[in-house]
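Q: I am attaching a structure below and will ask some questions about it afterwards.
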Amino acid sequence: SNTELPYLKRVTLAILVTGTMLVVAFTQELLGEEQVSPGVFDDRVVFGQSAAFTGPAQALGQAMRLGIEAAFSEQNASGGVHGRMLELISMDDRYEPSFAYANTRTLIAKEKVFGLIGEVGTPTSRSAAPLADSEAVPFLAPFTGAGFLRDPELKTVVNLRASYAQETEHMVERLTADLGVTRVAVLYQNDSYGQSGLNGVIDALDRRGLKPVATWYYERNTSAVKAAVFHISEANPEAVIMIGAYQPVAKAISLLRLDIDPIFLAVSFVGSNALVRELGEEATGVFITQVVPLPDDHDTPVVTEYLAALQSFNANAEPGFVSLEGYLAGRLAIFGLKACKDLTRSCFLNALQHSQSIDLSGVRLQYGPDDNQGSDDVILTMIDQQGRLVRTASLEGNK
């Protein structure tokens, strides 16, 4: 009937108008998204961290968080960056990939953080980094030297530190060049972290025509090292390279020393302060590769700044390599934020990835089109009789 037609027209018109308004609103939202990234407010910017705060690797997560918070707190004391205060939301993943994945989802989708910083570990980063990358969320300065994170295909990953391949190459170079060692065994964690370090050792030995005399593993988040200790002792190596966390590594060193007297070397991830605490007097003579300066190296200005920032943030905190790495991670984030008055994730990533050189008060970082790793620095340290870590240019005379 005639009366129905205008009604239909009215409904159609209403639908069209509403539809157009929706399209306009949706477009504005998309455009607005370009102007303001999640986690960015007029007065603050929020970062997220998933790391181990409980369990056998908790000292690493706690130290990374301490360093990042010290850097953020120091910057906040001088008014933040472009008037925005820096905040960190940290979630415990117990050094387990499934929790790391769940935390990363929560931080991105629910907490709506601007970026992720200071993830601790290889297996955890393996589940978290691809998720961050798929959501175009910055994944900054993870505490791991795993090779897969150095893949330029991961567009939002920005590594600070040298890789495990570089750490293990440095160890093998020193062992062979300084001491003529040919018999090297490897104790490794049975996951992507252990495998990454093991591959590094195998490749470094292979370049010198050598093979490991024994390789044996233990399971992550356990200290079940007895089988590994038995197999490594049997091979009677001159050196044992350890790709593990501080508790199992300490236990393995104690048990191996009952039977053999090799040179012990561990990669930076072990956590030097925690290893010294675990081993006590038995720590003397253990070598650890480091990827940041010594926390008492006053010749590097950023170390002095770190010590001051740490002191004012938490006067009781013990300085160490891991919290120094966390502090450098925080400083790297601040560098990226300073470059972007109109803060978006893409501007932030661009500022980090396309800077000719970033100088964090004496720690220089260089990124390039296919290079998402800022530093290539590796130094060898030894635990002395006082439990202090001292820089060691050569293994000769130190064994």
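Taken in order, the sequence shown gives residues 388 to 786; the numbers are from this note's numbering. Glycine included, each C-beta is placed from N, C-alpha and C at the ideal position.
(1) Hey, which unbroken runs of the alpha helix (DSSP H) at 4 residues or more fall wholly within the stretch 655–737?
(2) Just the Cα atoms here: how many angstroms apart are GLU661 and LEU574?
(3) Can you pull the DSSP bridge partners for MET478?
(4) Look up GLU420 in the DSSP assignment and say whether it is helix, strand or coil.
(5) Counting only the same chain and skipping the five closest in sequence on each side, list residues whose C-beta sits under 6 Å from that of SER781.
(6) Assuming the contact rule is C-beta atoms closer than 8 Å, ALA516 and LEU541 should be a hit. Round their C-beta distance to whole Å, please.
(7) With a threshold of 6 Å on Cβ separation, who are the neighbours of GLY658 within its own chain once the five nearest residues in sequence on each side are excluded?
(8) Helix, strand or coil: which one does DSSP assign to GLN760?
(9) Compare the beta carbon distance of ALA637 and LEU597 with 8 Å and say whether it is the shorter of the two.
(10) From the DSSP output, read off the bridge partner residues of LEU652.
(11) When DSSP labels each residue in this structure, what does THR555 get in the three-state scheme?
(12) Would you kindly work out how many angstroms separate the C-alpha atoms of ILE640 and PHE440, rounded to a whole number?
(13) List the endpoints of the continuous alpha helix (DSSP H) containing VAL612.
(14) Give every residue of the same chain whose Cβ lies closer than 7 Å to the Cβ of SER748, excluding the five residues on either side of it in the sequence, and list them in chain order.
(15) Do the CB positions of GLN576 and ILE650 come within less than 8 Å of each other?
(16) In whole angstroms, what is the alpha-carbon distance linking SER465 and GLY587?
(17) If we require 3 or more residues per run, which beta strand (DSSP E) segments fall completely within the stretch 537–587?
(18) What does LEU747 pair with, by DSSP beta-bridge criteria?
(19) Take the Cβ of ARG471 as the centre, count every other Cβ of all protein chains shown within 10 Å, and call the residue buried at 16 or more, exposed below.
(20) Can you grab the Cα-Cα spacing for the pair ILE766 / ASP686, in whole Å?
(21) According to DSSP, is ARG431 helix, strand or coil?
(22) Whose CA, out of TRP603, PRO599, ASP684 and GLN582, lies closest to the CA of VAL571?
(23) Taking the alpha carbon of SER485 as the point to measure from, which residue in GLN436, GLU498 and SER514 has its own alpha carbon closest?
(24) Less than 8 Å between the beta carbons of LEU503 and PHE530, yes or no?
(25) Taking just the CA atoms, how far does ILE495 sit from PRO425?
(26) Look up VAL600 in the DSSP assignment and say whether it is helix, strand or coil.
(27) Assuming ILE770 is part of the beta strand (DSSP E), what are its boundary residues?
(28) On the criterion of 16 or more Cβ atoms from any shown chain inside 10 Å, does GLN449 qualify as buried, or is it exposed?
(29) If you draw a straight line from the alpha carbon of ALA696 to that of LEU592, how long is it in whole angstroms?
(30) May I ask you to report which of helix, strand or coil DSSP gives VAL616?
(31) At what residues does the beta strand (DSSP E) containing GLY470 begin and finish?
(32) Using three-state DSSP, classify LEU782 as helix, strand or coil.
(33) Considering only residues of the same chain and omitting the five flanking positions on each side of HIS469, which have a CB-CB separation below 6 Å?
(34) With DSSP collapsed to three states, give me the class of LEU645.
(35) Does chain D have any CB closer than 8 Å to the CB of PHE735?
(36) Decide if HIS788 is buried, meaning its Cβ has at least 16 other Cβ atoms within 10 Å, or exposed.
A: Taking the structure as given:
(1) 659–666, 688–700 and 708–725
(2) For the record, residue 661 in the displayed sequence is Ala; it is not Glu. Cα-Cα distance, rounded: 18 Å.
(3) Under DSSP, MET478 forms a beta bridge with SER437.
(4) For GLU420, the predicted structure reports a pLDDT of 43, less than 50, and the residue's modelled location is therefore unreliable. A value from the coordinates is still provided. GLU420 falls in the helix class under three-state DSSP.
(5) ASP565
(6) 6 Å
(7) Same-chain partners within the cutoff: ALA446, LEU447, TYR633 and VAL709.
(8) strand
(9) no
(10) ILE628 and PHE674
(11) helix
(12) C-alpha separation (whole angstroms): 25 Å.
(13) Segment: none, VAL612 is in no alpha helix (DSSP H) and carries neither H nor E.
(14) Excluding residues within five positions, the ones whose Cβ falls inside 7 Å are PRO688, VAL689 and GLU692.
(15) no
(16) As the crow flies, the alpha-carbon of SER465 is around 43 Å from that of GLY587.
(17) Here the runs fully enclosed are 571–576.
(18) The partner list for LEU747 (beta bridge, DSSP) reads VAL750.
(19) buried
(20) 15 Å
(21) strand
(22) PRO599
(23) SER514
(24) no
(25) 9 Å
(26) coil
(27) 766–770
(28) buried
(29) 41 Å
(30) helix
(31) It is not in any beta strand (DSSP E) - GLY470 carries neither H nor E in the DSSP assignment.
(32) coil
(33) Contacts found: LYS728.
(34) coil
(35) The chain labelled as chain D is not found in the depicted structure, where only one protein chain is given.
(36) This structure cannot settle anything about residue 788, because the visible part of the chain is limited to 388 through 786.
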